[in-house]
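Remarks on the structure that follows.
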Amino acid sequence: MKVTTFDPRVCALGEGPLWHPERQQLFWFDIITKRLLSRQGDTSLEWQFDRHVSTAGWVDRDRLMIASETDLFLFNIETGASDTLCPLEADQVSTRSNDGRADPWGGFWIGTMDKEAAPQAGAIYRWYKGELHPLVHDLTIPNAICFSPDRKYAFYTDTPAHQIMRQPLKADGWPTGAAEVFVDLNEAGLNPDGAVIDAEGCLWNAQWGAARVARYSPDGAELMAVAMPAMQMTCPAFGGPDLTTLFVTSAAEGIDSPTENQGKTFSIRLGQSGEQEHRVII
Numbered sequence: 019m020k021v022t023t024f025d026p027r028v029c030a031l032g033e034g035p036l037w038h039p040e041r042q043q044l045f046w047f048d049i050i051t052k053r054l055l056s057r058q059g060d061t062s063l064e065w066q067f068d069r070h071v072s073t074a075g076w077v078d079r080d081r082l083m084i085a086s087e088t089d090l091f092l093f094n095i096e097t098g099a100s101d102t103l104c105p106l107e108a109d110q111v112s113t114r115s116n117d118g119r120a121d122p123w124g125g126f127w128i129g130t131m132d133k134e135a136a137p138q139a140g141a142i143y144r145w146y147k148g149e150l151h152p153l154v155h156d157l158t159i160p161n162a163i164c165f166s167p168d169r170k171y172a173f174y175t176d177t178p179a180h181q182i183m184r185q186p187l188k189a190d191g192w193p194t195g196a197a198e199v200f201v202d203l204n205e206a207g208l209n210p211d212g213a214v215i216d217a218e219g220c221l222w223n224a225q226w227g228a229a230r231v232a233r234y235s236p237d238g239a240e241l242m243a244v245a246m247p248a249m250q251m252t253c254p255a256f257g258g259p260d261l262t263t264l265f266v267t268s269a270a271e272g273i274d275s276p277t278e279n280q281g282k283t284f285s286i287r288l289g290q291s292g293e294q295e296h297r298v299i300i
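Residue numbering for the sequence shown is 19 to 300, as defined by the numbering used here.
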């Protein structure tokens with residue numbers, strides 16, 4: 019399976035890839051340098067912010083909802099205008115946003131964490147119908163937020179715990195009952211990072227420090243793994259005209275002697291297709 023470099027720019031901490039279905043365009047972030055990145059053909063695009071930004075959902079053709087270290091805000095891609103929707107741990111200067119994804123109901127799930135990854139300083143929230151509600155507490159590095167095609171489950175991980183969790187959902191997308199272990203990577207010593215679900219209900223997980231992205235069946239069995247050219251893979255997203263391209267971000271931070279591929283954004287043509295990213299309803 020051929021892995022190609024989609025974008026050669028090096029991200030200290032690449033995260034949050036989002037394929038915008040109306041623009042047919044990939045957006046992603048470099049959290050450390052506070053940038054939103056994209057490209058159109060051979061043209062590289064970027065937007066600089068004054069605070070850490072990490073992930074987004076699409077609202078319409080020209081607007082994204084972006085999660086930052088202090089708020090959720092609307093961002094106009096064409097004009098650069100920003101409008102705050104609600105605060106996000108704005109009174110906690112030591113934390114920032116991390117992984118997130120729009121849910122099938124038009125809401126948005128977002129994780130927070132300590133900037134130095136202090137234990138249990140993070141949480142997962144859901145923004146829905148104009149309000150932000152906490153869902154999970156005492157996490158260290160929340161990641162892998164994604165949703166099953168049948169709308170029955172949300173998935174997430176606390177990366178240092180080496181387990182991907184599956185959370186049952188009610189008909190309106192709110193959690194019901196306790197989360198259960200979906201994939202346990204403790205024995206393998208793997209660090210689950212960002213994840214996305216394909217059209218067959220299988221979960222693709224980027225694994226930090228292992229130079230790979232793995233696919234798991236709906237019952238949690240490993241089906242395959244794709245070797246990647248960078249060690250610290252961070253998050254996958256499906257895109258392309260037929261949603262059969264898997265884009266994957268990576269990170270260069272913390273590598274003493276980085277090779278030329280660390281921190282770049284990659285693409286893989288797959289036999290499987292993904293689902294269109296859900297629209298955030300404002």
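Even glycine gets a Cβ: it sits at the ideal position worked out from N, Cα and C.
Quick one: residues in its chain with C-beta nearer than 6 Å to the C-beta of residue i, no 5 flanking neighbours on either side, listed in chain order?
i, result
"Ser-72", "Glu-33, Gly-34, Phe-47, Ile-49, Ala-85, Ser-115 and Asn-116"
"Arg-233", "Cys-220, Trp-222, Leu-241 and Met-242"
"Asp-216", "Gln-290 and Gly-292"
"Tyr-146", "Gly-125"
"Glu-96", "Asp-80"
"Thr-175", "Asn-161, Ala-162, Ile-182 and Pro-210"
Tell me whether residue i is buried or exposed, calling it buried when 16 or more other Cβ atoms sit within 10 Å of its Cβ.
i, result
"Ser-112", "exposed"
"Leu-157", "buried"
"Gly-292", "buried"
"Met-19", "exposed"
"Thr-177", "buried"
I'd like the list of long-range same chain contacts for residue i, defined as Cβ closer than 7 Å, with 5 residues on each side in sequence excluded.
i, result
"Ala-318", "The shown model of the chain, from 19 to 300, leaves out residue 318, and the question about it has no answer."
"Arg-2", "This structure does not reach residue 2, given that the chain is present from 19 up to 300, and the question cannot be answered."
"Ala-269", "Cys-29, Ala-30, Leu-31, Gly-32, Gln-250, Thr-252 and Gly-281"
Taking residue i and residue j to be in contact with their CB atoms under 8 Å, please state how far apart those CB atoms are, rounded to whole angstroms.
i, j, result
"Ile-128", "Leu-103", "Contact flag wrong, Cβ pair sits at about 11 Å."
"Gly-238", "Val-201", "5 Å"
"Val-231", "Met-246", "6 Å"
"Glu-295", "Trp-123", "The pair is not a contact, with the Cβ atoms about 14 Å apart (cut-off 8 Å)."
Tell me which same chain residues have a C-beta within less than 8 Å of the C-beta of residue i, skipping the five on either side of it?
i, result
"Thr-22", "Phe-284, Ser-285 and Ile-286"
"Lys-320", "There is no way to answer for residue 320, as the model of the chain reaches only from 19 to 300."
From the options, pick the residue whose C-alpha is nearest to that of residue i; which is it?
i, options, result
"Phe-91", "Ala-239, Gly-227, Gly-148 and Cys-29", "Gly-148"
"Pro-254", "Asp-211, Met-131, Arg-79 and Arg-184", "Asp-211"
"Asn-161", "Glu-40, Arg-53 and Arg-119", "Arg-119"
"Lys-52", "Gly-257, His-38, Ala-30 and Ser-62", "Ala-30"
"His-151", "Val-266, Ala-99 and Thr-130", "Thr-130"
"Asp-109", "Glu-87, Gly-98 and Phe-93", "Glu-87"
"Gly-258", "Pro-26, Phe-45 and Val-28", "Phe-45"
"Glu-218", "Asp-168, Gly-191, Arg-144 and Arg-27", "Asp-168"
Of all Cβ atoms in chain C, is any one closer than 8 Å to the Cβ of residue i?
i, result
"Val-298", "The structure shown contains no chain C, having only a single protein chain."
For the structure I just gave you, are there three or more beta carbon pairs, one from the stretch 62 to 70 and one from the stretch 275 to 295, closer than 8 Å? no
Are at least three pairs of beta-carbons, each pair with one atom in the stretch 189 to 198 and one in the stretch 216 to 231, less than 8 Å apart? no
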